[in-house]
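Offset between the sequence shown (1-based) and the working numbering: plus 60. C-beta atoms are modelled at their ideal positions from N, C-alpha and C, and glycine is treated no differently. Everything numeric in this text was worked out from a predicted model, so none of it was measured. A short write-up of the structure that comes next.
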Amino acid sequence: MGNWNEKATYLSLGQKHVLALAMVLSKEPEFLILDEPTAGLDDKNVDIVIDIISKLKNKIELSILLIEHRAEEIRSLADRRVEIDGGKLL
């Protein structure tokens, strides 16, 4: 994912997403809301962010509310899911 010794302003968007997630996790939250964590990322960084979320789900006792338009890519992360289409629950 590149050089982590750079100032945050020089990091890629994917690196910034991972850094933001790490900063939040350092506070040891019990509940995490992730709103479009893959927005604006290329496929490689989408895979990295999804992998990190998957590892968090499996290793840390943490409830995660994940809001995402890429439903197919994150479906495997959900214990429960609600899908909304056109403002209606599916």
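Once you ignore the five residues that flank residue i on each side, which residues in its own chain have a CB closer than 7 Å to its CB?
i, result
"VAL142", "LEU149"
Short of 8 Å in beta carbon distance, which residues of its chain neighbour residue i, apart from the five on each side in sequence? Order them along the chain.
i, result
"LEU101", "LEU73, GLY74, HIS77 and VAL109"
"ILE144", "LEU150"
"PRO89", "LEU122"
Report the rounded CA-to-CA distance for residue i versus residue j, giving the unit in angstroms.
i, j, result
"ALA99", "LEU125", "16 Å"
"SER123", "ARG130", "20 Å"
"GLU133", "ASP107", "9 Å"
"LEU137", "ALA80", "20 Å"
"ARG39", "LEU85", "With the chain represented from 61 up to 150, any question about residue 39 goes unanswered, as that position is not in the structure."
Which word fits residue i, buried or exposed, when buried means at least 16 other C-beta atoms lie within 10 angstroms of its C-beta?
i, result
"ASN118", "exposed"
"LEU94", "buried"
"ILE127", "exposed"
"ILE120", "exposed"
Who are the Cβ neighbours of residue i in its own chain at under 6 Å, not counting the five residues just before and after it?
i, result
"ASN24", "Within the shown structure, residues of the chain are numbered from 61 to 150, placing residue 24 beyond reach of any answer."
"PHE91", "SER123"
Any alpha helix (DSSP H) of 4 or more consecutive residues that is wholly inside the stretch 97–148: Segments of the alpha helix (DSSP H) lying fully in the stretch 97–148: 103–119 and 131–134.
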